[in-house]
Amino acid sequence: MSSNQAKWSRDGNDLPNIEPHTQAKHQIIQEYITNLIVTLYGTGKYGVTTFTFIDGFSGGGMYRDGDSLWEGSPPRMIKAVREGYRQAKRAYPLDVQFIFIDEKHKHLNCLQDYAMAQAGLEELTDEKEHKLPGEMALLSERCEFLQGKFEDRVDYCINVAKERKGHVFFLLDPFGWTYVSMTSIRKINSLPKVEILYTFMIDGIWRFVKERYENLKSAFQDVLEADGYYDLDELNGLGLDSINPGDRQCYLRNESMRLFRNRGNAERVITFSMIGKQFKDRALYYLIHMSKNHRALEVMKGSFWPINNLQSQYYFEVHGYGFKTVNFYE
Ligand SMILES: C[S@@+](CC[C@H](N)C(=O)[O-])C[C@H]1O[C@@H](n2cnc3c(N)ncnc32)[C@H](O)[C@@H]1O
4 MSSNQAKWSR
14 DGNDLPNIEP
24 HTQAKHQIIQ
34 EYITNLIVTL
44 YGTGKYGVTT
54 FTFIDGFSGG
64 GMYRDGDSLW
74 EGSPPRMIKA
84 VREGYRQAKR
94 AYPLDVQFIF
104 IDEKHKHLNC
114 LQDYAMAQAG
124 LEELTDEKEH
134 KLPGEMALLS
144 ERCEFLQGKF
154 EDRVDYCINV
164 AKERKGHVFF
174 LLDPFGWTYV
184 SMTSIRKINS
194 LPKVEILYTF
204 MIDGIWRFVK
214 ERYENLKSAF
224 QDVLEADGYY
234 DLDELNGLGL
244 DSINPGDRQC
254 YLRNESMRLF
264 RNRGNAERVI
274 TFSMIGKQFK
284 DRALYYLIHM
294 SKNHRALEVM
304 KGSFWPINNL
314 QSQYYFEVHG
324 YGFKTVNFYE
């Protein structure tokens, strides 16, 4: 882990500062989950009533935003479900379980002991099932907090999802591209009703392909199973550095979709590009959405759209949906 990566302390005294691209990511997640609940639970005579949300790299759950606080992905997921439930206005139960995983004790402790209370969700930290009063009474929620590496916890999550049945959503938001194996993506995609939103660090892949870092070779081949993808000769032909950056960006995006479709068994794949202006309009990471269901894809497009700020046809062709910010830090 490099020193500029986000860090949380148990008491919330250390919180990372929120950055514009992270805010955009949070808004997409929140909007999408609300729309997902409205669409699957709130449509038809009797919609889907069981959901499992897994946040595989949960972080500490809270950021600093100037003098205020900014909620991280775990509280946002819970609140997005509540909002979807409210909007759906249904008279039958909705049963939701959240699993939050982080390798770092301090980060998970910050989430459980500090961020959940700050977000007004303290009652959910006891890992028991809860029902809210009044008009929310048909919604039952339960949170589980697991310390450990996602790769060591993925089988457990898949078993929970299998037992619970219903719809399953994985948010995978690691710091780099070496933390999630293609084996895990395949296993997750073998579930019948599942989708994944994965923060995929494409700029790290590009730097690896260019520099051929020896220490990451096995991660590229064995973890990502990307041999035969992101070809250096092709990239050289497209202008590896600053010439034709658009063609190179297109190639990297197409290769990423091809990789997750073919090796990850993802049926439908769509990307949202996070772009840094000072990096010559390179995408630093993609939010890759993998789903099985055409409706999920359409709902995701609808959630990307309000956050998308790529306007010219050129940008759109190169990056698809995306968010470009002047202040982009890693
Ligand atoms: C980018 S942060 C997550 C931010 C969070 N999703 C949000 O948007 O609020 C990544 C987190 O993953 C955790 N992490 C790093 N390696 C991990 C691993 N192998 N398994 C699970 N968590 C890991 C880090 O400790 C860090 O808290």
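Take the sequence shown: its letters are residues 4 to 333, numbered as in the working numbering.
Positions of the beta carbon are idealized from the N, C-alpha and C atoms, including for glycine.
All values derive from a computational prediction rather than experimental measurement.
> CB of residue 136 to nearest heavy atom of ligand 1: below 7 Å?
Replying inline: Locating residue 136 in the sequence shown gives position 133, where the first residue counts as 1. Flag unset: Cβ of residue 136 not near ligand 1.
> What do you reckon, is the C-beta of residue 104 under 7 Å from a heavy atom of ligand 1?
Replying inline: On the sequence shown, position 101 is the one that residue 104 refers to. Residue 104 Cβ: within cutoff of ligand 1.
>> Just to confirm the assignment: which complete alpha helix (DSSP H) runs, minimum length 4, are found wholly within the stretch 215–250?
In response: 235–240
> What is the rounded straight-line gap between the Cα of residue 128 and the Cα of residue 116?
Replying inline: Taking the first residue of the sequence shown as position 1, residue 128 is located at position 125. Taking the first residue of the sequence shown as position 1, residue 116 is located at position 113. Cα-Cα distance, rounded: 8 Å.
> When the Cα atoms are used, what is the spatial distance from residue 125 to residue 147?
Replying inline: Indexing the sequence shown from 1 puts residue 125 at position 122. Indexing the sequence shown from 1 puts residue 147 at position 144. The straight-line gap from Cα to Cα measures roughly 13 Å.
> Is there at least one non-hydrogen atom of ligand 2 closer than 7 Å to the beta-carbon of residue 27?
Replying inline: Of the ligands this structure carries, namely ligand 1, none is ligand 2.
> Is the Cβ-Cβ distance between residue 286 and residue 278 less than 8 Å?
Replying inline: Locating residue 286 in the sequence shown gives position 283, where the first residue counts as 1. Locating residue 278 in the sequence shown gives position 275, where the first residue counts as 1. In contact: residue 286 and residue 278 (Cβ atoms closer than 8 Å).
> DSSP puts residue 73 in a beta bridge; with which residues?
Replying inline: Translated into the one-based positions of the sequence shown, residue 73 becomes position 70. 66.
> Can you round the beta-carbon distance between residue 153 and residue 211 to whole angstroms, since I take them to be within the 8 Å contact cut?
Replying inline: Taking the sequence shown and counting its residues from 1, one reaches residue 153 at position 150. Taking the sequence shown and counting its residues from 1, one reaches residue 211 at position 208. By a beta-carbon distance limit of 8 Å, residue 153 does not contact residue 211. Their separation comes to about 21 Å.
> Between the beta-carbon of residue 293 and the beta-carbon of residue 228, is there less than 8 Å?
Replying inline: Stepping through the sequence shown from its first residue, residue 293 is reached at position 290. Stepping through the sequence shown from its first residue, residue 228 is reached at position 225. Not a contact, by the Cβ cut-off of 8 Å.
> Taking the C-alpha atoms as reference points, what is the distance between residue 90 and residue 50?
Replying inline: The count along the sequence shown starts at 1 and reaches residue 90 at position 87. The count along the sequence shown starts at 1 and reaches residue 50 at position 47. If I take the Cα positions, the gap works out to 14 Å.
> By how many angstroms is the C-alpha of residue 284 removed from the C-alpha of residue 54?
Replying inline: Working through the sequence shown from its first residue, we reach residue 54 at position 51. Working through the sequence shown from its first residue, we reach residue 284 at position 281. Approximately 37 Å between the Cα atoms of the pair.
> Can the beta-carbon of residue 328 be found closer than 8 Å to that of residue 24?
Replying inline: Here residue 328 refers to the residue found at position 325 of the sequence shown. Here residue 24 refers to the residue found at position 21 of the sequence shown. Against a cut-off of 8 Å, the Cβ pair of residue 24 and residue 328 comes out as a contact.
>> Only counting the same chain, and skipping five residues up and downstream in sequence, which positions put a Cβ closer than 7 Å to that of residue 95?
In response: Your numbering for residue 95 matches position 92 in the sequence shown. Within the same chain, residue 95 has close Cβ partners 49, 52, 141.
>> Just to confirm the assignment, what range does the beta strand (DSSP E) spanning residue 277 have?
In response: Start at 1 with the first residue of the sequence shown, and residue 277 comes out as number 274. 271–279 is the extent of the beta strand (DSSP E) around residue 277.
> Hey, how far is the Cα of residue 246 from the Cα of residue 238?
Replying inline: One-based indexing of the sequence shown puts residue 246 at position 243. One-based indexing of the sequence shown puts residue 238 at position 235. Because the pLDDT at residue 246 is just 47, under 50, the model does not fix this residue reliably, and the value given afterwards should be weighed accordingly. Looking at the two C-alpha atoms, the distance is approximately 11 Å.
>> Assuming residue 107 is part of the alpha helix (DSSP H), what are its boundary residues?
In response: Working through the sequence shown from its first residue, we reach residue 107 at position 104. Per DSSP, residue 107 belongs to no alpha helix (DSSP H) and is neither H nor E.
>> As a quick exercise: from 219, 168, 160, pick the residue whose alpha carbon is nearest that of residue 196.
In response: As a working note, residue 196 is residue 193 in the sequence shown. Cα-wise, what sits closest to residue 196 is 168.
>> Check this for me: beta carbons of residue 232 and residue 214, under 8 Å apart or not?
In response: As a first step, residue 232 is located in the sequence shown; it is residue number 229 there, counting from the start. As a first step, residue 214 is located in the sequence shown; it is residue number 211 there, counting from the start. Result no, Cβ atoms of residue 232 and residue 214 do not sit closer than 8 Å.
>> Can you look up residue 178 in the DSSP assignment and give me helix, strand or coil?
In response: Counting from one through the sequence shown, the residue named residue 178 turns up at place 175. Coil at residue 178, not helix or strand.
> So does residue 327 have its beta carbon nearer than 7 Å to some heavy atom of ligand 1?
Replying inline: The sequence position of residue 327 within the sequence shown is 324, counting from 1. No, the Cβ of residue 327 stays beyond 7 Å of every heavy atom of ligand 1.
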